[in-house]
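J.:
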Amino acid sequence: MIFYLDLNITFFQSVWLSWVILFRAPAKVNNPKGFTSKFMANIWACFCLAFTASYTANLAAFMITKDVYFDLSGITDHRITNPHSVKPPFRFGTVANGSTDEVVKTNHKHVYAYMKQFMKRNISEGVKALKAHEIHAFLYDAVVLDYLSGQDDECKLRVVGNWYAMTGYGIGFPKQSKFKDMINKEIIEMHYSGEIERLRRFWFTGACKSNIEQQSERSSQQLDQRNFTSAFLLLLGGTFIATIILICENVYSRFVTRSKQVSSETKTRQDYKPMMAVKNEHDDIHVRREKQLQKRIDMLNKRIHQLEMEKSLQPPAILSDDRSNANKNKLSFLVLPVTYTPEPEKSPKLEIVSSSPMDETNTPLLLVEQMNNR
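Numbering follows the UniProt record's numbering, with no gaps: position 51 of the sequence shown is 51.
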């Protein structure tokens with residue numbers, strides 16, 4: 001049985017893995033096997049987590065807008081009458097030595113006793129303290145507060161609660177003045193025609209629009225790239241780090257492969273070196289033997305040549321009948337056959353076979369070369 005482990009992952013498998021991680025789909029995927037691919041998959045998972053969390057949070061903030069403020073009912077609210085009923089204690093103040101200060105001092109002495117520590121010198125100082133969260137509420141004339149909230153550039157001021165006391169504004173004329181009836185008539189006509197309400201909205205609204213328009217505008221704002229800067233920075237940083245790790249991994253893999261190849265070649269050379277040494281020694285011995293054998297062959301050929309020369313100098317009668325002449329002259333020949341047997345290695349080999357005659361002292365030598373082909 002052969003087990004095969006596929007370490008490769010195709011492009012479509014990578015896209016499928018990214019889709020599954022992004023939408024958290026319960027689907028079967030081919031998980032990466034390499035360290036770099038695993039690291040990049042984790043970076044993508046972190047990016048998807050940050051992206052979806054940031055998108056959900058910003059979407060909820062933009063779609064469901066809610067202004068957080070203290071919805072006071074008026075001067076009789078429990079947070080005004082009993083500031084220590086909430087944690088932290090509710091802080092509020094007004095302008096010292098003003099009309100509001102006199103009204104609270106006269107009608108709500110216990111409220112005034114607590115409010116004295118948060119008194120301000122003028123309206124501007126009170127508005128700054130309210131924006132800096134030094135106080136939670138600022139008590140003053142409703143008309144002035146409406147004007148200040150409409151002219152606020154940041155639109156962070158809101159007028160809440162019921163009016164505590166209604167006071168009006170008037171224009172003074174001398175007694176028996178002829179302009180009094182004319183002015184009264186014009187004011188009544190402007191009131192019924194809606195001109196006064198139009199002027200009030202024009203001057204009191206100022207830079208800030210109405211609450212309904214503000215809420216509608218904030219709800220229609222779109223999400224942009226700035227809301228997902230951290231998620232994209234995480235993805236870019238992870239991709240850069242993964243690229244560096246991939247380069248280092250490839251360099252290390254090539255180095256290890258080359259080292260293994262060099263060590264394998266070195267081991268192979270070490271294994272073959274004794275065999276080559278033995279073969280070289282065998283070749284040296286073979287060469288020496290061939291030289292010795294060739295030397296002996298040369299000596300034998302030289303001896304044969306000498307014997308042939310001596311034989312050529314003898315009379316022809318002796319050559320015609322060797323045996324008879326040998327018996328007459330009491331001479332006998334010793335025949336030494338020389339056998340040449342070629343080996344598979346093509347190294348010549350000589351065998352000298354001797355036969356003992358009757359009398360070796362006076363017996364000449366006759367060498368006969370015999371070729372034995374196999």
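Backbone N, C-alpha and C define an ideal beta-carbon position, used for all residues, glycine too.
1. Answer with buried or exposed for Tyr-114, where buried requires no fewer than 16 other C-beta atoms within 10 angstroms of its C-beta.
2. Is the beta carbon of Met-190 sitting closer than 7 Å to the one on Ile-196?
3. Quick one: grab the DSSP three-state call for Gly-93.
4. Please tell me whether Tyr-112 and Val-103 are closer than 7 Å, where the distance is taken between their beta carbons.
5. Rounded to the nearest angstrom, how far is the Cβ of Ala-231 from that of Phe-51, given a contact under 8 Å?
6. To the nearest angstrom, report how far apart Glu-249 and Val-262 are at their CA atoms.
7. What are the boundary residues of the alpha helix (DSSP H) that includes Asn-184?
8. Look up Lys-120 in the DSSP assignment and say whether it is helix, strand or coil.
9. What are the boundary residues of the alpha helix (DSSP H) that Trp-16 is part of?
10. Where does the unbroken alpha helix (DSSP H) through Ser-99 begin, and where does it stop?
11. Got a sec? Which residues, its chain only, sit under 8 Å from Pro-140 by beta carbon, not counting five neighbours each side?
12. In whole angstroms, what separates the C-alpha of Ile-187 from that of Lys-156?
13. Among Lys-311, Glu-290, Pro-83, Ile-245, which residue has its Cα nearest to the Cα of Lys-38?
14. Cα separation between Cys-48 and Ser-264?
15. Is any heavy atom of the ligand NAP found at a distance shorter than 6 Å from the C-beta of Gly-168?
16. Within 10 Å of its beta-carbon, does Trp-44 have 16 or more other beta-carbons around it, so buried, or fewer, so exposed?
17. In terms of DSSP beta bridges, what is Ala-41 paired with?
18. Return yes when the Cβ of Val-160 is within less than 7 Å of the Cβ of Asp-71, no when it is not.
19. Quick check: what's the CA-CA separation for Leu-307 versus Asn-301?
20. Below 7 Å between beta carbons: does that hold for Ile-75 and Tyr-164?
21. Taking C-beta to C-beta, are Phe-204 and Gly-150 nearer than 7 Å?
22. Compute the Euclidean distance between the alpha carbons of Glu-154 and Ala-57, then round it to the nearest angstrom.
23. Report the rounded CA-to-CA distance for Ala-60 versus Phe-228, giving the unit in angstroms.
24. If distances are taken between C-alpha atoms only, which option among Phe-173, Ala-142, Pro-174 comes closest to Asn-162?
25. In the DSSP assignment, find the unbroken alpha helix (DSSP H) run with Asp-146 in it and report its ends.
26. Of the residues Asp-298, His-136, Gln-117, which one's Cα is nearest the Cα of Lys-87?
27. Taking 7 Å as the cut-off, decide whether the C-beta atoms of Leu-130 and Phe-138 are in contact.
28. Check whether the Cβ atoms of Leu-32 and Ala-25 lie closer than 7 Å to each other.
29. In three-state DSSP terms, what is Phe-255?
30. Would you mind stating whether Thr-10 and Ala-242 have Cβ atoms separated by less than 7 Å?
31. Assuming the contact rule is C-beta atoms closer than 8 Å, Val-15 and Val-29 should be a hit. Round their C-beta distance to whole Å, please.
T.: Here's the rundown:
1. If you number the sequence shown from 1, residue 114 lands on position 114. With a threshold of 16 other beta carbon atoms within 10 Å, Tyr-114 meets it and is buried.
2. For the purposes of this step, residue 190 is taken as the residue at position 190 of the sequence shown. For the purposes of this step, residue 196 is taken as the residue at position 196 of the sequence shown. Contact flag set, yes.
3. Here residue 93 corresponds to residue number 93 of the sequence shown, with the count starting at 1. Gly-93: strand per DSSP, three-state reduction.
4. On the sequence shown, residue 112 is found 112 positions in, with the first residue counted as 1. On the sequence shown, residue 103 is found 103 positions in, with the first residue counted as 1. In this structure, Tyr-112 lies away from Val-103, with their beta-carbon atoms at least 7 Å apart.
5. By 1-based counting over the sequence shown, the position of residue 231 is 231. By 1-based counting over the sequence shown, the position of residue 51 is 51. With 8 Å as the limit, Ala-231 and Phe-51 qualify as a contact, their Cβ atoms being about 4 Å apart.
6. The residue labelled residue 249 in the question sits at position 249 within the sequence shown. The residue labelled residue 262 in the question sits at position 262 within the sequence shown. As the crow flies, the alpha-carbon of Glu-249 is around 20 Å from that of Val-262.
7. Counted from its first residue, the sequence shown places residue 184 at position 184. Going by DSSP, Asn-184 is part of the alpha helix (DSSP H) stretching over 179 to 193.
8. Mapped onto the sequence shown, residue 120 falls at position 120. Lys-120 falls in the strand class under three-state DSSP.
9. Within the sequence shown, residue 16 is the residue found at index 16, counting from 1. 11 to 23 is the extent of the alpha helix (DSSP H) around Trp-16.
10. Looking up residue 99 in the sequence shown gives position 99. Where Ser-99 is concerned, the enclosing alpha helix (DSSP H) stretches over 99 to 107.
11. In the sequence shown, counting from the first residue as 1, residue 140 sits at position 140. It is Tyr, not Pro, that sits at residue 140 in the sequence shown. The beta carbon of Tyr-140 lies closer than 8 Å to those of Thr-94, Val-95, Gly-98, Thr-100, Ile-123, Gly-126 in the same chain, with the five residues before and after it left out.
12. In the sequence shown, residue 187 corresponds to position 187, counting from 1. In the sequence shown, residue 156 corresponds to position 156, counting from 1. Cα to Cα, the separation comes out at about 33 Å.
13. In the sequence shown, residue 38 corresponds to position 38, counting from 1. The shortest C-alpha to C-alpha distance from Lys-38 to any of Lys-311, Glu-290, Pro-83, Ile-245 is the one to Ile-245.
14. As a first step, residue 48 is located in the sequence shown; it is residue number 48 there, counting from the start. As a first step, residue 264 is located in the sequence shown; it is residue number 264 there, counting from the start. Their Cα atoms are separated by approximately 47 Å.
15. The ligand NAP is absent from the structure shown, which contains no ligands of any kind.
16. Numbered from 1 along the sequence shown, position 44 holds the residue referred to as residue 44. So Trp-44 ends up on the buried side.
17. What you label residue 41 is simply residue 41 of the sequence shown in a count that begins at 1. Ala-41 is bridged by DSSP to nothing; it lacks a bridge partner.
18. Here residue 71 refers to the residue found at position 71 when the sequence shown is read from its first residue. Here residue 160 refers to the residue found at position 160 when the sequence shown is read from its first residue. Judged by their CB atoms, Asp-71 and Val-160 are nearer to each other than the 7 Å cut-off.
19. Taking the sequence shown and counting its residues from 1, one reaches residue 307 at position 307. Taking the sequence shown and counting its residues from 1, one reaches residue 301 at position 301. A straight line joining the alpha-carbon of Leu-307 with that of Asn-301 spans about 10 Å.
20. To locate residue 75, count along the sequence shown from 1; it is residue 75. To locate residue 164, count along the sequence shown from 1; it is residue 164. With respect to Tyr-164, Ile-75 sits close: the two C-beta atoms are nearer than 7 Å.
21. Locating residue 204 in the sequence shown gives position 204, counting from the first residue. Locating residue 150 in the sequence shown gives position 150, counting from the first residue. Yes, the Cβ-Cβ distance between Phe-204 and Gly-150 is below 7 Å.
22. Numbered from its first residue, the sequence shown carries residue 154 at position 154. Numbered from its first residue, the sequence shown carries residue 57 at position 57. Their backbone Cα atoms lie some 23 Å apart in a straight line.
23. Indexing the sequence shown from 1 puts residue 60 at position 60. Indexing the sequence shown from 1 puts residue 228 at position 228. Pairing Ala-60 with Phe-228, the inter-Cα distance amounts to about 15 Å.
24. Along the sequence shown, read from residue 1 onward, the residue named residue 162 stands at position 162. It is Ala-142.
25. Residue mapping note: residue 146 aligns to position 146 of the sequence shown, counting from 1. Per DSSP, the unbroken alpha helix (DSSP H) holding Asp-146 starts and ends at 142 to 151.
26. As a position in the sequence shown, residue 87 is number 87, starting the count at 1. Comparing Cα-Cα distances from Lys-87 to each of Asp-298, His-136, Gln-117, the minimum goes to His-136.
27. For the purposes of this step, residue 130 is taken as residue 130 along the sequence shown, with counting starting at 1. For the purposes of this step, residue 138 is taken as residue 138 along the sequence shown, with counting starting at 1. Here Leu-130 is near Phe-138, since their CB atoms are less than 7 Å apart.
28. Position 32 of the sequence shown, counted from the first residue, corresponds to residue 32. Position 25 of the sequence shown, counted from the first residue, corresponds to residue 25. In the sequence under discussion, the amino acid at residue 32 is Pro, which differs from the Leu named in the question. No, these two residues do not count as a Cβ contact at 7 Å.
29. The residue labelled residue 255 in the question sits at position 255 within the sequence shown. Phe-255 falls in the helix class under three-state DSSP.
30. By 1-based counting over the sequence shown, the position of residue 10 is 10. By 1-based counting over the sequence shown, the position of residue 242 is 242. Not closer than 7 Å, so no.
31. Walking along the sequence shown from the start, residue 15 turns up at place 15. Walking along the sequence shown from the start, residue 29 turns up at place 29. 11 Å between Cβ atoms; not a contact.
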